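Asker: For reference, the structure I am asking about is given below.
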Amino acid sequence: MTYFAAHAQALRDPEGFWAQQAKLIPWFRQPSRTLTENPDGTHQWFADGELNSCYIALDYQIEQGRGEQIALIYDSPVTETKTQFTYQELKDKVAHFAGALTSLGVGKGDGVIIYMPMVPEAGIAMLACARIGAIHSVVFGGFAPHELAIRINDAKPKVVLTASCGIEFTKVIEYKPLVDAALEQAEHKPERVVVLQRPQAQAELKAYRDVDWYQIQESIKPVGCTPVKSTDPLYIMYTSGTTGKPKGIVRDNGGHAVALLYALRNVYDMQAGDVWMGCSDVGWVVGHSFIMYAPLMGGCTSVFFEGKPVRTPDAGTFWRIVEEYKVNGMFAAPTAFRAIRKEDPEGEYFRQYDVSSLKHIFVAGEKLDSPTYHWLHEIAQKPIYDHWWQTETGWPVTAPLTALGATDLRIGSTNRPVPGYDVQVLDAQGQAVAANETGSIVIKLPLPPGCAQTLWQDHSRYLNSYLGMFKGYYHTGDGGYIDEDGFVYIMGRTDDVINVSGHRLSTGEMEEIVATHSAVAECAVIGVHDDLKGQVPVGLILLKDGVEIDPQTLEQELVAKVRQEIGAIACFNRALVVDRLPKTRSGKILRAILRKIANGETYNPPSTIDDESILPEITDRMRQEGLVLQA
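All the letters of the sequence shown, read from the start, carry residue numbers 1 to 631 under the UniProt record's numbering.
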């Protein structure tokens, strides 16, 4: 089937299309119903089907003869540790830990919070929860106690799983004191805290509550897979909310499994036995979908990496892993490749390794600027595919379908919609706009399998946040346009559009232009208040390592570039060189925070921020340049 035939069929007959895909999943009870619409506009997929996500990822793969195949490769340059697990070994460890959870009273429908670094035990814990029907919620290790307490109160876990420490480059971050502080703040009190002791730090265990990771597994018998309904929750993943309270995205079991297998095979072209590397953390949706669940459900070998793209030990880390494990496909955020480019602009580290096993490289998570695309394509000589999805969708919305031969691309586009997604662009009145006209990116209902249909314990917030703006559509919160050939261009969050003298302009487009300058490693363009024009754009610039350029000269050259590409109407006249840009741990630049700083507004640092100390630093820098509006 061609891409166009598949996309047309999925829109014309979603029930028939997804019923066919569902046959590729080993159900305990085959669903008799494919799609059910609820009165509030949400939908259920395969509602009466029964399955188990851990069974699909492990037991079923062993039944297919993959018991001795490597399932998981753990590579940790920060601890100089490497371990591999066959499917049989991983299943044994998961089944034993599932038994340990059962001995602590955890059962079907109970919550478990996993607050851990990128160690294999974190993935084992996720699969163990899935095995017994418990609902896991992975919280990125190192989150502040207050943020962890908020998630504990919301998810109400019976047990918290943690480690004695995490490692950031060479810095050891002790987790147990953070967990203890969170539990003191939290109104909900979990019954047990299970602690994995790591050699880099030993945690103090409280006798009345805390238990050792391995001690609780002594004399424990492995347990089998608990059947769950397709619509039963597999996990909760918290994502930032505009109110300051995080939104608990709920992922179901059945639709999730069907969608992930479809994406693994058709988008990423990964077949059983292939080696896949998702360069993320299990604290993020990529770590869930494309480190733990999809690769194992598809019989692949998944690389589980504890480290960073640079300084662990150098900018060649990714390429070393590709060579060592014969990686066939990889996925990372643009910020990872920008960091590598910043430290290895000429590709000297890259050329030290044999990456011939690699078929292609996927990027997502933030806009892929054209300079990074061209640099990566030039040094790797591999197809570089930008694609787009969200925590809420759980799998790609727009992407090339490489397995169907749909590998054409356009620079700046995240490709065409994946079959199952009816992506459209609407104006403020909810009317469809013409090709190449910008507006709100929406997805016409029903959302395909795997997409969140509710928020944990707050369904009304889901309806208001996602389905309330445009009737019959899911509102993505992103703005952009679709060209005459169906390629989707994401220009950034809708609040990244600024109004300059009545003209609506995209700061994302300006960033794209600024990033083409040879001295610029990374940039953010924000709108700041202006008494005359309403808003004007200001660029915050991070230079490449080793580059020496007069800041005023750079500013003049960047102003000229934007003027040439967009015109004087953009009013881009300021570019400020900074030492660092505030980012989330997943690498997204915190533009909303930068805007609030510039406009003198109060803000709460988001729980996802990588280093909070940068905020006063960049505030002082912007204030020195007169770029902070006095309250």
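Where a beta carbon is used, it is the ideal one built from N, C-alpha and C, also for glycine. Remember, predicted model here, so these are calculated numbers, not experimental data.
For a quick check, are the C-beta atoms of V425 and G412 less than 8 Å apart?
Answerer: Not a contact, by the Cβ cut-off of 8 Å.
Asker: Hey, could you find the ends of the beta strand (DSSP E) L234 is sitting in?
Answerer: That run of the beta strand (DSSP E) goes 233-239.
Asker: Reducing DSSP to helix, strand and coil, say where A294 ends up.
Answerer: Helix at A294.
Asker: Which of helix, strand or coil does DSSP assign to M622?
Answerer: Note: M622 maps to helix in three-state DSSP.
Asker: Could you round the C-beta distance between P396 and V267 to whole angstroms and report it? I think they count as a contact, below 8 Å.
Answerer: The Cβ separation is near 5 Å, so the contact holds.
Asker: With a threshold of 16 other CB atoms inside 10 Å of the CB of E512, please say whether the residue is buried or exposed.
Answerer: Its Cβ being crowded by 16 or more others within 10 Å, E512 is buried.
Asker: May I ask you to report which of helix, strand or coil DSSP gives P377?
Answerer: The sequence as given places His at residue 377; Pro does not occur at that position. In the structure shown, H377 sits in a helix (DSSP, three-state: H, G or I).
Asker: Anyone know if the C-beta pair for G123 and Y175 falls short of 8 Å?
Answerer: Their beta carbons are not under 8 Å apart, which means G123 does not touch Y175 by this criterion.
Asker: Which residues in the same chain have their Cβ closer than 7 Å to the Cβ of I56, if we skip the five residues on either side of it in sequence?
Answerer: Taken in chain order, the residues that qualify are I25, P26, A257, M297.
Asker: What does a CB cutoff of less than 6 Å around V282 pick up in its chain, not counting 5 residues either side in sequence?
Answerer: Only A122, V138 meet the Cβ criterion.
Asker: Could you tell me which whole beta strand (DSSP E) segments of length 3 or greater appear in the stretch 58-123?
Answerer: The stretch 58-123 contains these whole beta strand (DSSP E) runs: 70-76, 81-86, 111-115.
Asker: Going by DSSP, which residues form a beta bridge with Q424?
Answerer: V442, per the DSSP bridge assignment.
Asker: Where do the ends of the beta strand (DSSP E) carrying H529 lie?
Answerer: 520-530 is the span of the beta strand (DSSP E), which, as asked, contains H529.
Asker: From what residue to what residue does the beta strand (DSSP E) around A6 run?
Answerer: It is not in any beta strand (DSSP E) - A6 instead sits in the alpha helix (DSSP H) that spans 3-12.
Asker: Looking at the unbroken alpha helix (DSSP H) that takes in K171, where does it start and where does it end?
Answerer: It is not in any alpha helix (DSSP H) - K171 instead sits in the beta strand (DSSP E) that spans 171-174.
Asker: Quick check on the burial criterion: 16 or more other C-beta atoms within 10 angstroms. Buried or exposed for G472?
Answerer: Per the 10 Å Cβ criterion, exposed.
Asker: Just mark F169 as buried or exposed, buried being the case when its beta carbon has 16 or more other beta carbons within 10 Å.
Answerer: Exposed: under 16 other Cβ atoms inside 10 Å.
Asker: When you compare each of V327, P419, L627, A592 to E15 by their alpha carbons, which one comes out closest?
Answerer: E15 has its Cα closest to that of P419, out of V327, P419, L627, A592.
Asker: Have a look at Q61 and S53 and give me their C-alpha separation to the nearest angstrom.
Answerer: Using only the alpha carbons, I get a separation of about 12 Å.
Asker: Using the three-state DSSP reduction, which class does V327 fall into: helix, strand or coil?
Answerer: The answer is coil: DSSP assigns V327 none of H, G, I, E or B.
Asker: Is it buried or exposed, G65, if we count other Cβ atoms within 10 angstroms and call 16 or more buried?
Answerer: Exposed, because fewer than 16 other Cβ atoms sit within 10 Å of the Cβ of G65.
Asker: In the DSSP output, which residue or residues are listed as bridge partners for I135?
Answerer: In the DSSP output, where bridge partners are listed per residue, I135 has G111.
Asker: Does H288 pass the burial test, meaning 16 or more other C-beta atoms within 10 Å, or should it be called exposed?
Answerer: By the neighbour-count rule (16 or more Cβ atoms within 10 Å), H288 is buried.
Asker: Would you call the stretch 73-89 and the stretch 100-116 touching, i.e. three or more CB-CB distances under 8 Å?
Answerer: Not touching, per the Cβ criterion.
Asker: Quick one: any contact between the stretch 30-44 and the stretch 201-208, if contact means 3 or more CB pairs under 8 Å?
Answerer: The stretch 30-44 is not in contact with the stretch 201-208.
Asker: Would you give the residue range spanned by the alpha helix (DSSP H) that S460 belongs to?
Answerer: Counting along the chain, the alpha helix (DSSP H) containing S460 begins and ends at 459-462.
Asker: Quick one: what does DSSP say T317 is sitting in, helix, strand or coil?
Answerer: T317: helix per DSSP, three-state reduction.
Asker: So H136 packs on Y235, CB below 8 Å; how close in whole Å?
Answerer: Yes, H136 and Y235 are in contact; Cβ-Cβ is about 5 Å, under 8 Å.
Asker: Could you spell out where the beta strand (DSSP E) holding Y385 opens and where it closes?
Answerer: That run of the beta strand (DSSP E) goes 384-386.
Asker: What did DSSP end up calling P39 once you bin it into helix, strand or coil?
Answerer: Coil at P39, not helix or strand.
Asker: Quick one: is Q535 buried, meaning 16 or more other Cβ sit within 10 Å of its Cβ, or exposed?
Answerer: Buried, since its Cβ has 16 or more Cβ neighbours within 10 Å.
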